[in-house]
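Written below as structure tokens is the structure these notes are about.
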Amino acid sequence: MFEHALVAVDMAPSGTLLVGCAPRLRALGVRRLTLLHVPPVDYPIAGAVAHLDEYRESLEAMAEELREEGLEVATEVRPGNPSREILRVADDVEADLVLIGSRSRSLLREAFVGSVALKVLEASHLPVLFLRIEPDGDGAEAPLAVFCCPMDGPILLATDFSPASERAASIASALARQGEGRALTVLHAVRGVARSDGGASRSGSGPGPGRRTEDGKEDPLALLAGTFRAEGVINVETRFVEGEPADVIVAAAASTGREPLLVMGSRGMGLIRRVALGSVSRDVIGRIRSPVLLVPEAPE
Numbered sequence: 003m004f005e006h007a008l009v010a011v012d013m014a015p016s017g018t019l020l021v022g023c024a025p026r027l028r029a030l031g032v033r034r035l036t037l038l039h040v041p042p043v044d045y046p047i048a049g050a051v052a053h054l055d056e057y058r059e060s061l062e063a064m065a066e067e068l069r070e071e072g073l074e075v076a077t078e079v080r081p082g083n084p085s086r087e088i089l090r091v092a093d094d095v096e097a098d099l100v101l102i103g104s105r106s107r108s109l110l111r112e113a114f115v116g117s118v119a120l121k122v123l124e125a126s127h128l129p130v131l132f133l134r135i136e137p138d139g140d141g142a143e144a145p146l147a148v149f150c151c152p153m154d155g156p157i158l159l160a161t162d163f164s165p166a167s168e169r170a171a172s173i174a175s176a177l178a179r180q181g182e183g184r185a186l187t188v189l190h191a192v193r194g195v196a197r198s199d200g201g202a203s204r205s206g207s208g209p210g211p212g213r214r215t216e217d218g219k220e221d222p223l224a225l226l227a228g229t230f231r232a233e234g235v236i237n238v239e240t241r242f243v244e245g246e247p248a249d250v251i252v253a254a255a256a257s258t259g260r261e262p263l264l265v266m267g268s269r270g271m272g273l274i275r276r277v278a279l280g281s282v283s284r285d286v287i288g289r290i291r292s293p294v295l296l297v298p299e300a301p302e
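Right under this line is the structure:
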């Protein structure tokens, strides 16, 4: 599925935590990694250059530990604008996936708007895997923790049937087929009467293909589930829920029992458009602890 992942590494403790989760990417098919650190050049260039050797040594030490786990690992240090360099290097090394923490040093004291992570998402033509990093406890001295489940468990596909969601569905199907009996839940949320529990489910697993909506049209969720089953995904459930989409998605992820991998399109039907502070993708990333695989529309 994803053979080669680019890992964006901050030299703060959050970066070390992110690298520690990298071996779990094997559940997504990853066999090769490129560890990238981008020293920002918002201070004199000489200062950035003076530390390049230190950054390279630190990355190489991280890489060696990952090689002992059986992964093929390369390292890159590219001073510059972090979001632009992450995307440029991802193209240069022909990565299939970008891994980035949803919180960095700056994000611990800023809103998500304008963050490196969000800028990468907005411009990336590659799927981006976000892992949530936050203080593990109260107080300024609380250590950071990263939430990275094994990633070989259940998959939650949040769809709005946009082009990006279609690509996300294809990826979710491929991942589900990598594990025997891996559960795939397909969730479609529509704005309705918001509830504190994230919404009200209007349909469960359903009878599969052939189910129709109230206006007589074939149920798109049933059609999608039928496609997954035809592709070899055995354990498929569909859910149609009324409520604010971000609330519904976060609640669904929290109710699965075992931590799911959330897969969703990054654009379309209101996702990640800057029309409001709480766009769905940004809102989900800011609140959910599950890993989130955000998938852009396929390049033309």
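Residue numbers (this note's numbering): 3 to 302.
No residue lacks a Cβ here, since even glycine has one placed at the ideal position from N, Cα and C.
Please read all numbers here as calculations on a predicted model, not as lab measurements.
Report task. In angstroms with no decimal places, state the Cα-to-Cα distance between VAL95 and ALA178. Result -> For the purposes of this step, residue 95 is identified with residue 93 of the sequence shown, where counting begins at 1. For the purposes of this step, residue 178 is identified with residue 176 of the sequence shown, where counting begins at 1. Going by the C-alpha atoms only, they are around 27 Å apart.
**Report entry** Own chain partners of ILE236 with C-beta closer than 8 Å, once the 5 adjacent residues on each side are dropped
**Finding:** For the purposes of this step, residue 236 is taken as the residue at position 234 of the sequence shown. If we look at ILE236 and ignore the five residues flanking it on each side, its Cβ neighbours are GLY183.
Query raised in the report: What is the DSSP secondary structure of GLU56, reduced to helix, strand or coil?
Result: Here residue 56 refers to the residue found at position 54 when the sequence shown is read from its first residue. GLU56 falls in the helix class under three-state DSSP.
Query raised in the report: Looking only at C-alpha atoms, which of ARG284, VAL118, VAL252 and GLU239 sits nearest to ILE88?
Result: Here residue 88 is taken as the residue at index 86 of the sequence shown, counted from 1. The shortest Cα separation from ILE88 among ARG284, VAL118, VAL252 and GLU239 belongs to VAL118.
Requested in this report: Would you please state the rounded distance, in angstroms, between the beta carbons of LEU20 and GLY82? I believe it to be under 8 Å.
Outcome: Here residue 20 refers to the residue found at position 18 of the sequence shown. Here residue 82 refers to the residue found at position 80 of the sequence shown. Actually they are not in contact, since the Cβ atoms of LEU20 and GLY82 sit about 20 Å apart, beyond 8 Å.
Query raised in the report: Can the beta-carbon of SER167 be found less than 7 Å from the beta-carbon of GLY267?
Result: Reading the sequence shown from its first residue, position 165 is the one you call residue 167. Reading the sequence shown from its first residue, position 265 is the one you call residue 267. A contact, by the Cβ cut-off of 7 Å.
Query raised in the report: Helix, strand or coil for LEU128 per DSSP?
Result: Stepping through the sequence shown from its first residue, residue 128 is reached at position 126. LEU128 falls in the coil class under three-state DSSP.
Query raised in the report: Can you tell me where the beta strand (DSSP E) with PHE242 in it begins and where it stops?
Result: In the sequence shown, residue 242 corresponds to position 240, counting from 1. From DSSP, the beta strand (DSSP E) with PHE242 extends over 238–244.
**Report entry** Reference LEU226; option with closest CA among LEU189, PRO301 and PHE4
**Finding:** The count along the sequence shown starts at 1 and reaches residue 226 at position 224. Distance from the Cα of LEU226 is smallest, within the candidate group LEU189, PRO301 and PHE4, for LEU189.
Query raised in the report: How big is the Cα-Cα spacing for SER281 and VAL130?
Result: For the purposes of this step, residue 281 is taken as residue 279 along the sequence shown, with counting starting at 1. For the purposes of this step, residue 130 is taken as residue 128 along the sequence shown, with counting starting at 1. Each residue's Cα considered, the two are about 17 Å apart.
Query raised in the report: What residue does the alpha helix (DSSP H) around LEU89 start on, and which one ends it?
Result: For the purposes of this step, residue 89 is taken as residue 87 along the sequence shown, with counting starting at 1. Taken as a continuous stretch (DSSP letters only), the alpha helix (DSSP H) holding LEU89 covers 84–94.
Query raised in the report: Under 7 Å between the Cβ atoms of PHE230 and SER164?
Result: As a first step, residue 230 is located in the sequence shown; it is residue number 228 there, counting from the start. As a first step, residue 164 is located in the sequence shown; it is residue number 162 there, counting from the start. For PHE230 and SER164, no; Cβs fall outside 7 Å.
Report task. Note the first and the last residue of the continuous beta strand (DSSP E) segment covering THR36. Result -> To locate residue 36, count along the sequence shown from 1; it is residue 34. Note, THR36: beta strand (DSSP E), 34–39.
**Report entry** Coil, strand or helix - MET64 by DSSP
**Finding:** Numbered from 1 along the sequence shown, position 62 holds the residue referred to as residue 64. Helix.
Query raised in the report: In its own chain, which residues sit with a C-beta less than 6 Å from the C-beta of THR258, not counting the 5 before and 5 after it?
Result: In the sequence shown, the residue the question calls residue 258 occupies position 256. Closer than 6 Å at Cβ, skipping near neighbours: PRO156.
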